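This report concerns only the one structure given below.
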Amino acid sequence: MKPLVFAVSQPQDIYSQKEVPPEQSFGFVLSVTLVLALFWLSINIIVPWLVRFLVPKRFFNENALLFKERSFESTLYRKLKVVKWKDKLPDAGRLIHFQRDTLPQDINRDYINRFITECCIAELGHLTVGILGFASLFLVFLFPDSNTTELFMIFLILSIMDFIIQMLFVIIQRYNRPRLIKLRKLYSHGYKTRLK
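Counted from 1, the sequence shown has number 46 at position 26 by the numbering used here; the numbering is strictly sequential.
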């Protein structure tokens, strides 16, 4: 009778692990996440600050080409139902000590003028952040050992998402400003007495 022979693989074969590609390692994912978080946090804090304090106030004129209402906008905003969702997005008005979500009872022409200016500042800030967000695509070059195409696509998707989010805030400013201009005209013709 022949003895039974069992084929047993060597222990190092059973427990050996395949080398993890650099872009799948925890360290890589963590470093990409930190770089992106720092980038997005920086542009969302620094850019609006620069717009607010370095751009001359005379630039924020509701009659300037950038801020002027276009003929198609009111129809577009009605179709987008802006009035239903505009108050659900966060507002940084408290950070600059300017309440924008509700009109105060003691409304005056100065308040309306400041509100219109704040709409212009916010619009330019969000527009600039949305455009500069695409600069994140250059961060791909910080990770030369990775699959550049995949990383580029991830950064591109994030940039597009940020642009869309920023445009929602731009739409809110462009929706509010013409209404504030109309309110200012009404106020100039005695609307103040009817508000109380």
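Just so you know, even glycine gets a beta-carbon here, dropped at the ideal spot from N, CA and C. Quantities reported herein were computed from a predicted structural model and do not represent experimental measurements.
Just verifying my parser: in three-state terms, what is the DSSP assignment at residue i?
| i | result |
| --- | --- |
| Ala-112 | coil |
| Asp-107 | helix |
| Leu-157 | helix |
| Asn-133 | helix |
| Glu-237 | No answer is possible for residue 237: the residues shown for the chain start at 21 and end at 216. |
| His-209 | helix |
| Glu-82 | coil |
Would you mind reading off the limits of the alpha helix (DSSP H) that contains residue i?
| i | result |
| --- | --- |
| Ile-127 | It is not in any alpha helix (DSSP H) - Ile-127 carries neither H nor E in the DSSP assignment. |
| Leu-171 | 168–206 |
| Phe-46 | 46–74 |
| Lys-99 | 93–99 |
Give me the Cβ distance between residue i and residue j, rounded to the nearest whole Å; I'm assuming they're in contact under 8 Å.
| i | j | result |
| --- | --- | --- |
| Phe-172 | Leu-157 | 6 Å |
| Leu-56 | Leu-162 | Actually they are not in contact, since the Cβ atoms of Leu-56 and Leu-162 sit about 10 Å apart, beyond 8 Å. |
Less than 8 Å separating the beta-carbons of residue i and residue j?
| i | j | result |
| --- | --- | --- |
| Ile-174 | Leu-109 | no |
| Arg-129 | Tyr-207 | yes |
| Val-149 | Val-67 | yes |
| Arg-72 | Ile-141 | yes |
| Arg-234 | Glu-82 | Examination of residue 234 is not possible in this model, given that the chain is present from 21 through 216 alone. |
| Ile-200 | Ile-136 | For the record, residue 200 in the displayed sequence is Leu; it is not Ile. Yes, the pair counts as a contact, with Cβ atoms nearer than the cut-off. |
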